[in-house]
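Down below is the structure, laid out as structure tokens.
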């Protein structure tokens with residue numbers, strides 16, 4: 001299982017969501033992944049797990065990027081915020097933008113963390129909350145876009161997390177991918 005996608009059923013669900021959003025037929029997705037249409041169907045239904053190479057392709061395909069003007073403006077708002085906030089790809093946990101007050105908490109310059117997954121710094125509480133997202137319908141179109149929880153602590157000197165109340169807010173981007181605003185409350 002990938003350290004980026006913590007739930008093994010998630011890849012098939014996300015592939016289906018991507019196909020529907022972009023009006024891509026299973027046959028074309030099969031060509032993209034060099035598999036049969038029936039394999040795409042089994043991945044999407046959760047009957048068959050994606051192999052590691054297919055999972056990496058899917059992660060690249062679904063990764064949020066701040067390329068459109070509106071998405072770049074969101075990144076600017078996060079960077080200019082006076083609050084300790086950061087924006088990550090909702091799927092891969094890659095750091096997309098970070099406020100100066102959040103960056104001050106890191107031992108590594110933000111420039112070295114941008115584009116990298118922050119999943120390796122997750123606390124047990126964060127891992128548990130992430131695992132509950134799919135059961136709660138987090139990625140559904142009409143789901144509640146925000147939730148609050150206690151983070152717990154980690155022992156990372158690079159990206160330390162101290163026990164605090166945290167809010168995750170899911171934000172759709174222009175290309176249909178989603179980002180997650182992470183706020184310390």
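Residue numbers (the UniProt record's numbering): 1 to 185.
Just so it is clear, CB atoms sit at the ideal spot from N, CA and C, and this is done for glycine as well.
Note that the structure is a prediction, hence the values are computed from the model and not measured.
- Between residue 159 and residue 65, the alpha-carbon positions lie close to 22 Å from each other.
- Residue 124 and residue 166 have their C-alpha atoms spaced approximately 14 Å apart.
- Secondary structure note for residue 127: its alpha helix (DSSP H) is the uninterrupted segment 124–136.
- If you draw a straight line from the Cα of residue 157 to the Cα of residue 107, it is about 6 Å long.
- Residue 93 carries a coil assignment under DSSP once its states are collapsed to helix, strand and coil.
- Within its own chain, the residues whose Cβ lies closer than 8 Å to the Cβ of residue 30, once the five positions on either side in sequence are excluded, are 36, 37, 39, 40, listed in chain order.
- Annotated three-state conformation of residue 40 is helix, per DSSP.
- In this structure, 98 is the residue among 25, 98, 121 with its C-alpha nearest to the C-alpha of residue 72.
- In the structure shown, the three-state DSSP call for residue 24 is coil.
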